[in-house]
Amino acid sequence: MKGNSVIRPFLLRWSQRQLRCVSSSSRSCESASSDHKKISSPNAIVFPANSSASTQNLHLSSPSLQFKRALSSTSGPANIVLINSDAEFEKVIKDVQGKSLDRIFYFTAVWCGPCRVISPVITELSEKFAHVGVHKIDIDQEDIGNTLRNLQISSVPTLHFYQNGKKAAEIVGADVARLKNVMETLYSRKD
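Numbering of the sequence shown is given in the UniProt record's numbering, commencing with residue 1 and proceeding in unit increments.
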């Protein structure tokens with residue numbers, strides 16, 4: 001469901017401070033206070049008694065709240081490959097540097113509006129420059145945090161361009177004109 005990656009951390013953070021009980025199993029959820037009702041609904045979230053009467057008990061029975069997003073998006077064309085973990089990224093970057101390859105690392109998120117704007121452009125350019133592999137990294141993946149910290153990725157979309165195994169350029173934001181210019185400059189073959 002769209003937006004879960006943004007809402008879930010907020011609810012979890014808020015629940016740690018405010019909620020008496022959060023249950024993600026089918027077991028009953030009973031509040032610490034005796035003035036709350038016993039709830040036997042999966043994913044029940046019980047708000048404290050000091051909240052307004054209309055929102056005292058809120059049931060979020062969407063199964064999507066139980067699970068983190070396993071597959072955030074499809075990879076697209078054959079030369080756009082998803083990287084799902086720090087280990088995968090390390091393997092790919094060593095390969096790129098060791099073999100002096102031309103590659104693009106595209107850091108994105110499903111919930112990111114500018115990413116959705118630039119994504120079709122990246123797909124189009126990846127077809128035009130088929131000799132350049134594109135590696136797509138969804139920042140919401142659970143096992144990619146170390147890579148994001150090490151590369152100081154703080155905004156999406158972020159693109160890292162490698163030419164002959166060395167980082168040659170970086171774009172932060174959905175600057176389509178600059179993206180086209182960088183790709184033409186770095187990857188046009190002078191056959």
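C-beta: ideal position from N, C-alpha, C; glycine also.
Bear in mind that the values here come from a model prediction, so they are computed numbers and not experimental data.
Could you pull out every residue in the same chain whose Cβ sits closer than 6 Å to the Cβ of residue i, ignoring the five residues on either side in sequence?
| i | result |
| --- | --- |
| Val176 | Val121 |
| Asn164 | Ser100 |
Starting from residue i, follow its DSSP beta bridges and name the residues at the other end.
| i | result |
| --- | --- |
| Ser85 | Asp143 |
| Asp138 | Thr108 |
| Phe161 | Ile104 and Ala169 |
| Gly133 | Arg103 |
Specify the secondary structure class of residue i as computed by DSSP and reduced to three states.
| i | result |
| --- | --- |
| residue 207 | One cannot answer for residue 207 here, as it falls past the ends of the chain, which runs 1 to 191. |
| Ala174 | coil |
| Ser154 | coil |
| Ala70 | At Ala70 the pLDDT is 40, less than 50, meaning the model places this residue with poor confidence; the figure from the coordinates comes in the next sentence. Correct three-state label for Ala70: coil. |
| Ser188 | coil |
Work out the CA separation of residue j and residue i for me, nearest whole Å.
| i | j | result |
| --- | --- | --- |
| Glu88 | Ile104 | 15 Å |
| Tyr187 | Phe129 | 7 Å |
| Asp86 | Tyr106 | 14 Å |
| Val96 | Asp102 | 7 Å |
| Val92 | Arg189 | 23 Å |
| Val132 | Thr123 | 12 Å |
| Cys155 | Arg149 | Correcting the residue identity first, residue 155 is Ser in this sequence and not Cys. Their backbone Cα atoms lie some 12 Å apart in a straight line. |
| Ile144 | Asn181 | 29 Å |
| Asn146 | Thr185 | 31 Å |
| Ile171 | Cys115 | 12 Å |
| Tyr162 | Glu142 | 25 Å |
| Ser119 | Lys166 | 24 Å |
Can you give me the Cβ contacts of residue i inside the same chain, cut-off strictly under 7 Å, excluding the 5 residues immediately before and after it?
| i | result |
| --- | --- |
| Met183 | Leu125 and Phe129 |
| Val117 | Ala174 |
| Ile153 | Phe107 and Ile139 |
| Cys112 | Val156 and Pro157 |
| Lys90 | Just to set this straight, residue 90 is Glu in the shown sequence, not Lys. Nothing meets the Cβ criterion. |
| Ala169 | Phe161, Val182 and Leu186 |
Assuming residue i and residue j make a contact with CB atoms under 8 Å, what is their CB distance in whole Å?
| i | j | result |
| --- | --- | --- |
| Leu159 | Leu179 | 7 Å |
| Asn79 | Val134 | 6 Å |
Quick one: residues in its chain with C-beta nearer than 8 Å to the C-beta of residue i, no 5 flanking neighbours on either side, listed in chain order?
| i | result |
| --- | --- |
| Gly98 | Gly165 |
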